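Report on one structure; see the data block that follows.
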Amino acid sequence: MFCQGANGGRRRADLGGRGGCDIMRRVDDDTPEEAHVADCKNHEKNMARCNCTYEPCSRKGICCECLAYHQRAGELPACYFPAAVERTYDRSIAAFIRAQKR
Numbered sequence: 004m005f006c007q008g009a010n011g012g013r014r015r016a017d018l019g020g021r022g023g024c025d026i027m028r029r030v031d032d033d034t035p036e037e038a039h040v041a042d043c044k045n046h047e048k049n050m051a052r053c054n055c056t057y058e059p060c061s062r063k064g065i066c067c068e069c070l071a072y073h074q075r076a077g078e079l080p081a082c083y084f085p086a087a088v089e090r091t092y093d094r095s096i097a098a099f100i101r102a103q104k105r
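The sequence shown begins at 4 in the numbering used here and counts up one residue at a time.
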């Protein structure tokens, strides 16, 4: 059993004997990529409040993967932005600060 992060990196799923992967999702080597949605117990609830309008996004409703992805890029996810700013797809910290000053 391995844990796979949003960036595709894998490591052994040994987290102090808890058997979980925390932010990273548990996968076997032959697990299809789409299986991670089924692993998220909050996916339906997350989808109800996800305001991301980027349609090809594979991380919608999987907040831990979304946060990890945007953190690596030095960005914030869509849920931090008002709708008008979110639609620009500018997820930068500077865009967040500008939106907060409005």
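Each residue gets a CB set at the ideal place from its N, CA and C atoms; glycine is no exception.
Small disclaimer: the values here were computed from a predicted structure and weren't measured.
Under DSSP, E78 forms a beta bridge with S95.
Contact between G77 and C43 is absent: CB atoms are separated by about 25 angstroms, not below the 8 angstroms threshold. Burial state of A81 is buried, judged by a 10 Å Cβ sphere holding 16 or more other Cβ atoms. Distances from the alpha-carbon of A86 to those of Q74, C66, T56 and R101 put T56 closest. Looking only at A71, M50, R75 and K104, the smallest Cα-Cα distance to F84 is reached by K104.
Around the Cβ of Y92, a 10 Å sphere holds fewer than 16 other Cβ atoms; the residue is exposed.
Here I96 is near L79, since their CB atoms are less than 8 angstroms apart. For E89, the enclosing alpha helix (DSSP H) starts and ends at A86 to E89. Take the alpha-carbon of R52 and the one of N45: they are about 11 angstroms apart. If you look at N49, you'll find it in the alpha helix (DSSP H) that goes H46 to R52.
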